[in-house]
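Before any comments, here is the structure.
In my numbering, the protein residues as written are -6 to 171.
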């Protein structure tokens, strides 16, 4: 005996649920991409802003912040550098003091996992140059910034990293040449 076959009434509901879940997952993935790109844009914007301010200080006062050796400038200065045009480790923390005392610039916290923005110098392609760095940045984000704004290699160009790029979430330091 043949029985009439009928689709169960819940079939439409199941299809609707599956498509809703698919749309939700698609939205979450898009949201993650937006968040990732926003973070990269924020870091890049901060690095560019600090580069401009660093060079503005030099343009106005004829010396780099932190590296200045004038005991009377800027007012409130507690440290004098060696005026050799390179921000060494002793001078690095005083860059922020000089920028604040002369231009009112304060150090922002980095948008990445306890990272910070730091000044210093390192060898870029055979020549010692000053940099602004962001610490504790995920390797994959550092690589994306380098790829977007430079040559994409961790050890060459004007953007370099403290470790080779491997696309991971491992935290490294990204150096942006000034």
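The C-beta atom is built at its ideal place from N, Cα and C for all residues, glycine as well.
Close beta carbons around residue i, own chain, < 6 Å, minus the five adjacent residues each side
{"i": "residue 123", "result": "80, 114 and 171"}
{"i": "residue 139", "result": "145 and 152"}
{"i": "residue 35", "result": "104"}
Counterpart residues of residue i in DSSP-defined beta bridges
{"i": "residue 153", "result": "168"}
{"i": "residue 125", "result": "112 and 169"}
{"i": "residue 130", "result": "165"}
{"i": "residue 120", "result": "117"}
{"i": "residue 13", "result": "Answer by DSSP bridge pairing: none, since residue 13 is not bridged."}
{"i": "residue 102", "result": "109"}
Burial state of residue i (16 or more Cβ within 10 Å)
{"i": "residue 31", "result": "exposed"}
{"i": "residue 121", "result": "exposed"}
{"i": "residue 102", "result": "exposed"}
{"i": "residue 91", "result": "buried"}
{"i": "residue 169", "result": "buried"}
{"i": "residue 136", "result": "buried"}
{"i": "residue 22", "result": "exposed"}
{"i": "residue 40", "result": "buried"}
C-beta contact flag for residue i and residue j at 8 Å
{"i": "residue 166", "j": "residue 154", "result": "yes"}
{"i": "residue 46", "j": "residue 98", "result": "yes"}
{"i": "residue 160", "j": "residue 132", "result": "yes"}
{"i": "residue 125", "j": "residue 43", "result": "yes"}
{"i": "residue 110", "j": "residue 127", "result": "yes"}
{"i": "residue 50", "j": "residue 96", "result": "yes"}
Close-in-space but distant-in-sequence residues of the same chain around residue i (CB under 8 Å, 5 per side omitted)
{"i": "residue 73", "result": "61, 62, 63 and 64"}
{"i": "residue 162", "result": "131, 132 and 133"}
Supposed contact pair residue j and residue i - C-beta distance, whole angstroms, cut 8 Å
{"i": "residue 94", "j": "residue 67", "result": "4 Å"}
{"i": "residue 59", "j": "residue 112", "result": "7 Å"}
{"i": "residue 78", "j": "residue 57", "result": "6 Å"}
Residues near residue i by beta carbon distance below 7 Å, same chain, minus five either side
{"i": "residue 89", "result": "100"}
{"i": "residue 33", "result": "134, 137 and 138"}
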